[in-house]
Amino acid sequence: MSNKMEAKPKTNSEKNGYAIYSYVITLIILMLVIISGFAINIYIMNKQFTKNRTALSNSKQVNNPLKNLKVNSKKQIRLKEEDLYRFNNHIDYLTEKVENEVKRSQENNQYDIDRINTFLAIGIGLLAIIGGLLPLVVNFFSRESLDKRMECIEDDAELIQLSSSEAKRQAITAKNEAAKATKNLGKIEEKVKSVNKGVEQLTSELEPLKKGLDAVKEATKKIPYIDLLVFQNAVAKLTSTDALKLFIGASRYTDVAAYLQNLISAIDSFDDDLFKNNTDFDAKYFKNVITELKLALRMGPIRRIPDGRSFQEKIDEVVSQLDTFETMKTKDFKTQLLTVSTTITELKNLVETKR
1 MSNKMEAKPK TNSEKNGYAI YSYVITLIIL MLVIISGFAI NIYIMNKQFT KNRTALSNSK
61 QVNNPLKNLK VNSKKQIRLK EEDLYRFNNH IDYLTEKVEN EVKRSQENNQ YDIDRINTFL
121 AIGIGLLAII GGLLPLVVNF FSRESLDKRM ECIEDDAELI QLSSSEAKRQ AITAKNEAAK
181 ATKNLGKIEE KVKSVNKGVE QLTSELEPLK KGLDAVKEAT KKIPYIDLLV FQNAVAKLTS
241 TDALKLFIGA SRYTDVAAYL QNLISAIDSF DDDLFKNNTD FDAKYFKNVI TELKLALRMG
301 PIRRIPDGRS FQEKIDEVVS QLDTFETMKT KDFKTQLLTV STTITELKNL VETKR
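So that you can map any letter, position 351 of the sequence shown is 351 in my numbering, and since no number is skipped, the others follow by simple counting.
Structure (structure tokens):
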């Protein structure tokens, strides 16, 4: 079978070469037929054009002799013998002219018929060539497709044979290994018993670790509440009596900037997953803290800073941004908090310029 598969590429290459050779010959024949047809038609058209030009050059234009005749007072024309002679000659000329034109029209029609016949002959020839070559082309491609399918079938058969041989070899190997495994079965059972003892010991050692893991999980659940408490503590400092005393003191701008930085740090400490993936997050409690922050900014000590009118517009901007939390979805809290943090940072920078 391998010898057959080695010989097939040579056969296919020969077939492909023969097909290319046939296509080239066919194209050459078609081109020759088309060129011959155009050459014949050009020859016919040149011949027709030459005859028409000769006929036109030989034709003479004679004036009507009746135009020169004069009418008398009675509106009559008197013909002389000479006038009758010229009149007869003119009739003969017109007769000859008509006959020549009829003859030339017939010749032109004959040339047109010859051209049509030539094109019909070319078309019939092309149809004959196509009709003769089409079955050969179809047969060639059908045979080529069949050869490829046969090659695929033979390759699949060879692969199946190789797979079956490999499967047989693996079956023999598995049989031998099964025999060895049967002999070692007793030893394996003893090892299994020792492993079971080790597993029991490991299970007893894992119990404290499980308890520690549960404690870690409980602590993780408390992280959101820790972040909220830090945030609430930063808000509460803004409303404390200490803040009221400091915000009207000599170093008030430094103290206000410090309190605002504490608030910015608390806002930035929130994790993004706290709002998106934490089912234990208390949105209502968070919004209450936001409300406390709005009250602190609207009515707290920060409003009583001497010469602090330049801060009021920025404070109002922060309050406006905090109002959006009432209708906002929980998953969008983090994005809005970043916006609020940026505005409070701008407020802090504005306060620091007053130092």
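All C-beta atoms, glycine included, are put in the ideal place defined by N, C-alpha and C.
Remember, it's a predicted structure, so these values are computed and weren't measured experimentally.
Could you tell me how far apart the beta carbons of Leu350 and Lys314 are, in whole angstroms, since I believe they sit closer than 8 Å?
In the sequence shown, the residue the question calls residue 350 occupies position 350. In the sequence shown, the residue the question calls residue 314 occupies position 314. Sure, about 6 Å apart at Cβ, within 8 Å.
Nearest-angstrom Cα distance between Asp255 and Phe247?
Taking the sequence shown and counting its residues from 1, the one referred to as residue 255 is at position 255. Taking the sequence shown and counting its residues from 1, the one referred to as residue 247 is at position 247. Straight-line Cα distance between these residues: approximately 7 Å.
Given a threshold of 16 other Cβ atoms within 10 Å of its Cβ, counted over all protein chains shown, does Val235 qualify as buried or as exposed?
Counting from one through the sequence shown, the residue named residue 235 turns up at place 235. Buried: at least 16 other Cβ atoms inside 10 Å.
For Ile172, name the three-state secondary structure that DSSP assigns.
Sequence index remark: in the sequence shown, residue 172 carries index 172 (1-based). DSSP places Ile172 in helix when its eight states are reduced to three.
Boundaries of the alpha helix (DSSP H) in which Ile248 is found, first to last residue:
For this step, residue 248 is matched to residue 248 along the sequence shown. It is not in any alpha helix (DSSP H) - Ile248 carries neither H nor E in the DSSP assignment.
Taking the beta carbon of Phe231 as the centre, do at least 16 other beta carbons fall within 10 Å, making it buried, or is it exposed?
Taking the first residue of the sequence shown as position 1, residue 231 is located at position 231. Looking at its Cβ environment, which holds 16 or more other Cβ atoms inside 10 Å, Phe231 is buried.
Between the alpha carbons of Asn89 and Ser36, how many angstroms are there, rounded?
One-based indexing of the sequence shown puts residue 89 at position 89. One-based indexing of the sequence shown puts residue 36 at position 36. Cα-Cα distance, rounded: 48 Å.
I believe Glu317 touches Thr343 by the beta-carbon criterion, under 8 Å. Please report the beta-carbon distance rounded to the nearest angstrom.
Locating residue 317 in the sequence shown gives position 317, counting from the first residue. Locating residue 343 in the sequence shown gives position 343, counting from the first residue. Yes, they are in contact, since the Cβ atoms of Glu317 and Thr343 sit about 6 Å apart, within 8 Å.
Specify, as a first and last residue, the run of the alpha helix (DSSP H) that Asn288 falls within.
Counted from its first residue, the sequence shown places residue 288 at position 288. Here the alpha helix (DSSP H) through Asn288 covers Ala283 to Met299.
With burial defined as no fewer than 16 other Cβ atoms inside 10 Å of the residue's Cβ, what is the status of Ile160: buried or exposed?
On the sequence shown, residue 160 is found 160 positions in, with the first residue counted as 1. By the neighbour-count rule (16 or more Cβ atoms within 10 Å), Ile160 is not buried but exposed.
For Ile382, which of Ile40, Leu322 and Gln312 has the nearest alpha-carbon?
Because the chain is modelled from 1 through 355, residue 382 falls outside the range shown and cannot be assessed.
Beta-carbon separation (whole angstroms), Ile25 vs Ile129, contact threshold 8 Å
For the purposes of this step, residue 25 is taken as residue 25 along the sequence shown, with counting starting at 1. For the purposes of this step, residue 129 is taken as residue 129 along the sequence shown, with counting starting at 1. Rounded, the Cβ-Cβ distance is 11 Å, inconsistent with contact.
Near Val340, what residues of its chain come up, given a Cβ to Cβ distance below 6 Å and the 5 sequence neighbours on each side ignored?
Start at 1 with the first residue of the sequence shown, and residue 340 comes out as number 340. The answer, listed in chain order, is Gln321.
Measure the C-alpha to C-alpha separation of Ile113 and Leu84 and round it to an integer number of angstroms.
Locating residue 113 in the sequence shown gives position 113, where the first residue counts as 1. Locating residue 84 in the sequence shown gives position 84, where the first residue counts as 1. Each residue's alpha carbon lies about 43 Å from the other.
I'd like the list of long-range same chain contacts for Val319, defined as Cβ closer than 7 Å, with 5 residues on each side in sequence excluded.
Working through the sequence shown from its first residue, we reach residue 319 at position 319. Lys294, Leu297 and Arg298, listed in sequence order.
By Cβ distance, which residues of its chain are closer than 7 Å to Phe119, with the 5 residues on each side in sequence left out?
Counting from 1 along the sequence shown, the entry for residue 119 is found at position 119. Within the same chain, Phe119 has close Cβ partners Gly37.
Whole angstroms is fine: what's the gap from Lys74's alpha carbon to Glu96's?
Taking the first residue of the sequence shown as 1, we reach residue 74 at position 74. Taking the first residue of the sequence shown as 1, we reach residue 96 at position 96. Lys74 and Glu96: Cα-Cα distance of roughly 35 Å.
Assumed close pair Ala257, Glu352 - CB separation to whole angstroms, cut-off 8 Å
The residue labelled residue 257 in the question sits at position 257 within the sequence shown. The residue labelled residue 352 in the question sits at position 352 within the sequence shown. Correct: roughly 5 Å between the Cβ atoms.
Nearest-angstrom Cα distance between Ala219 and Asp282?
Indexing the sequence shown from 1 puts residue 219 at position 219. Indexing the sequence shown from 1 puts residue 282 at position 282. In this prediction, Ala219 scores a pLDDT of 44, lower than 50, which makes its location untrustworthy; the coordinate-derived value is nonetheless stated afterwards. Using only the alpha carbons, I get a separation of about 16 Å.
Can you look up Val406 in the DSSP assignment and give me helix, strand or coil?
Nothing about residue 406 can be read from this structure; the chain reaches only from 1 to 355.
When the Cα atoms are used, what is the spatial distance from Asn139 to Glu101?
Residue 139 sits at position 139 when you count from the first residue of the sequence shown. Residue 101 sits at position 101 when you count from the first residue of the sequence shown. One C-alpha to the other measures close to 57 Å.
Helix, strand or coil at Met31 according to DSSP, with G and I counted as helix:
Along the sequence shown, read from residue 1 onward, the residue named residue 31 stands at position 31. Met31 falls in the helix class under three-state DSSP.
Under a three-way DSSP split, which group does Ser269 fall into?
In the sequence shown, residue 269 corresponds to position 269, counting from 1. If DSSP states are grouped into helix, strand and coil, Ser269 belongs with coil.
Limits of the alpha helix (DSSP H) - the one that Asn349 falls within
On the sequence shown, position 349 is the one that residue 349 refers to. That run of the alpha helix (DSSP H) goes Phe333 to Glu352.
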